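Residue numbers (my numbering): 4 to 555.
Printed below as a string of structure tokens:
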């Protein structure tokens with residue numbers, strides 16, 4: 004590693020690095036492959052972290068459309084990042100920071116700010132070495148204090164946007180010892196019409212990678228089924244890797260089974276051997292089996308939950324889907340998510356609410372779909388259907404109560420209707436002067452105080468909780484007394500900010516201004532989601548006459 008002080012490198016930062024690139028097409032699942040590799044190394048006793056490199060010019064993911072890019076995931080420090088960081092937190096069981104997400108915009112902004120400040124002492128500022136040095140610095144600093152750092156490079160090899168990052172990795176590999184760096188390349192192995200697994204896309208992808216000076220050490224083939232042995236040999240021959248460095252990553256019903264699949268292929272043992280970690284790993288008999296036990300646990304009960312949103316794309320609500328799955332793991336329940344399009348609910352989707360055992364209204368921005376969400380909330384309230392409202396879902400529950408219980412007919416959020424005469428949801432004073440959209444909301448982990456003896460206190464088993472936020476508008480303090488005058492109460496708060504609402508006249512009606520789904524893990528299911536599912540199970544399993552008696 005260079006010792007020139009101009010680089011700013013600290014040789015003590017990080018030990019081992021696994022770089023994961025993708026070829027042929029985006030969306031192959033290289034993030035899940037990377038997270039699965041990290042999970043297996045963690046099982047073997049190593050302290051693992053991850054970095055996601057996103058080659059777009061946005062500084063962060065905060066202003067990106069979920070329909071185009073999937074959900075915006077929020078970290079504990081308020082970083083708005085790519086959804087793959089959510090996968091890393093869930094698979095590795097660690098909390099990350101915004102330093103673990105590197106974007107082109109973030110890197111270029113920093114380099115340009117340094118240039119404006121005169122930090123480069125009159126040098127011509129260029130992609131090489133200034134941008135590539137900044138990329139390498141960020142990776143090393145994110146890896147500090149860990150045994151292994153998994154680094155996923157977004158996009159596909161050959162994309163013009165990725166070139167500075169791939170060049171940085173090429174330099175990185177020369178600056179580290181050979182057994183401290185491993186390159187994993189994930190490619191598509193499609194079927195021909197006659198059912199043959201085709202290797203040509205992989206060959207061309209690796210050729211592209213090698214043309215920029217990177218030779219993969221491990222190849223992972225994404226295919227519907229396991230790679231045939233002769234296909235592995237062909238890939239190894241044409242891509243210049245050992246046959247035992249070619250692994251299958253076939254389709255599975257649940258992404259949480261991918262670590263089990265690649266473990267069966269021996270990926271973890273090969274990676275540890277290649278990085279010189281085998282002797283430091285826990286003996287096989289002592290490695291953690293907790294992940295396998297959780298994700299293969301029998302689920303002998305089944306429920307249906309309606310998710311009422313406006314993006315007909317699962318990735319846009321990934322953390323909610325996963326949090327429901329975690330609650331299902333915790334309660335040994337198969338949770339089926341019924342998509343309800345809020346835009347079309349009145350004409351086509353209203354009957355799906357009647358099919359559902361519970362209703363979730365998620366967060367979001369913009370006015371589209373809000374009428375459908377409000378109607379779904381009204382349906383849950385008046386029919387005693389278990390309800391969980393998250394962020395905007397919490398706010399619209401306030402709006403629904405103000406309109407339909409208190410009679411404030413045009414009550415609304417000032418974000419969605421600036422002309423409303425009853426802005427029950429409004430900006431708080433500290434947001435009045437805010438002009439920029441990116442990074443200016445209430446973001447990250449904040450503590451909420453909870454009133455004893457409430458549903459929220461039962462849910463958390465405590466009188467406080469710390470959850471992650473992402474919002475700008477909040478309950479208008481001027482309306483709190485009126486809102487709480489008829490069965491609705493705010494049971495959680497942070498100073499003058501209302502954080503949790505519930506209803507005294509309902510079996511389970513809970514809304515949170517924050518996003519509890521972002522802290523949910525397979526081995527640490529989110530309390531609101533667990534209580535939501537448990538309530539549904541109690542109602543589904545109790546005799547119909549008892550339920551009618553309770554509702555009467």
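We treat Cβ as the ideally placed atom computed from N, Cα and C, and that holds for glycine.
As the structure is a computational prediction, the values presented were derived from the model and not from experiment.
Just curious, the alpha helix (DSSP H) that residue i is in, first and last residue?
i           : result
residue 242 : 232-242
residue 358 : 353-358
residue 275 : 270-277
residue 379 : 373-385
residue 512 : No alpha helix (DSSP H) holds residue 512; the beta strand (DSSP E) holding it covers 512-515.
residue 524 : First-last for residue 524: undefined, no H or E at that position.
residue 167 : 166-178
Indicate whether residue i and residue j have their beta-carbon atoms separated by less than 7 Å.
i           : j           : result
residue 83  : residue 53  : no
residue 212 : residue 160 : yes
residue 56  : residue 157 : yes
residue 329 : residue 523 : yes
residue 23  : residue 155 : yes
residue 222 : residue 249 : yes
residue 2   : residue 372 : The question about residue 2 has no answer, for the chain in this structure spans 4 to 555.
residue 556 : residue 190 : Residue 556 lies beyond the residue range present for the chain, which begins at 4 and ends at 555; the question has no answer from this structure.
residue 362 : residue 345 : no
residue 445 : residue 77  : no
residue 137 : residue 110 : yes
residue 39  : residue 255 : no
residue 19  : residue 278 : yes
residue 295 : residue 270 : no
residue 419 : residue 370 : yes
residue 112 : residue 51  : no
residue 310 : residue 261 : no
Can you tell me where the beta strand (DSSP E) with residue i in it begins and where it stops?
i           : result
residue 476 : 476-478
residue 252 : 249-253
residue 497 : 491-497
residue 68  : Unbroken run through residue 68: none, as it is neither H nor E.
residue 90  : Element bounds for residue 90: not the beta strand (DSSP E) but the alpha helix (DSSP H), 87-95.
residue 404 : Segment 395-407 is the alpha helix (DSSP H) holding residue 404; no beta strand (DSSP E) there.
residue 506 : 500-506
residue 364 : 361-364
residue 20  : 19-25
Could you say which of the options lies nearest to residue i if we only look at CA atoms?
i           : options            : result
residue 494 : 455, 521, 529, 526 : 455
residue 298 : 94, 519, 540, 511  : 94
residue 398 : 324, 477, 518      : 477
residue 305 : 321, 257, 359      : 359
residue 322 : 262, 519, 47       : 519
residue 186 : 106, 169, 108      : 169
residue 118 : 134, 103, 107, 106 : 134
residue 286 : 420, 58, 43        : 43
residue 469 : 406, 327, 449, 273 : 449
residue 512 : 424, 532, 210, 500 : 532
residue 499 : 74, 521, 482       : 482
residue 473 : 90, 60, 502, 421   : 502
residue 282 : 149, 49, 364, 215  : 49
Near residue i, which residues of its chain fall below 7 Å by C-beta distance, leaving aside the five closest residues on each side in sequence?
i           : result
residue 400 : 380, 392, 504, 514
residue 229 : 251, 253
residue 226 : 192, 200, 251, 253
residue 509 : 384, 387
residue 1   : There is simply no residue 1 to check, as the chain begins at 4 and stops at 555 in what is shown.
residue 424 : 413
Is it buried or exposed, residue i, if we count other Cβ atoms within 10 angstroms and call 16 or more buried?
i           : result
residue 570 : Here the chain covers residues 4 to 555 and nothing more, so residue 570 does not appear.
residue 70  : exposed
residue 335 : exposed
residue 184 : buried
residue 259 : buried
residue 2   : For the chain, the structure presents residues 4 to 555; residue 2 sits outside this window and is missing.
residue 66  : exposed
residue 130 : exposed
residue 599 : Because the chain spans 4 through 555 in this model, residue 599 falls outside it and cannot be assessed.
residue 163 : exposed
residue 177 : exposed
residue 232 : exposed
residue 203 : exposed
residue 541 : exposed
Near residue i, what residues of its chain come up, given a Cβ to Cβ distance below 6 Å and the 5 sequence neighbours on each side ignored?
i           : result
residue 528 : 329, 330, 333
residue 206 : 241
Note down, in chain order, each residue of its chain lying with its Cβ closer than 8 Å to the Cβ of residue i, except the 5 sequence neighbours on either side.
i           : result
residue 302 : 331, 332, 335, 336, 337
residue 195 : 201
residue 460 : 453, 454, 466, 494
residue 427 : 401, 402, 405, 411, 414, 415, 416, 478, 479, 482, 486
residue 365 : 310, 311, 312, 320, 323, 393, 394, 395, 396
Flag residue i as yes when its Cβ comes closer than 6 Å to any non-hydrogen atom of the ligand ADP, and as no otherwise.
i           : result
residue 386 : The ligand ADP is not part of this structure, which contains no ligands at all.
At a Cβ threshold of 7 Å, is residue i touching chain C?
i           : result
residue 133 : Judged by its chain identifiers, the structure shown contains no chain C, having just a single protein chain.
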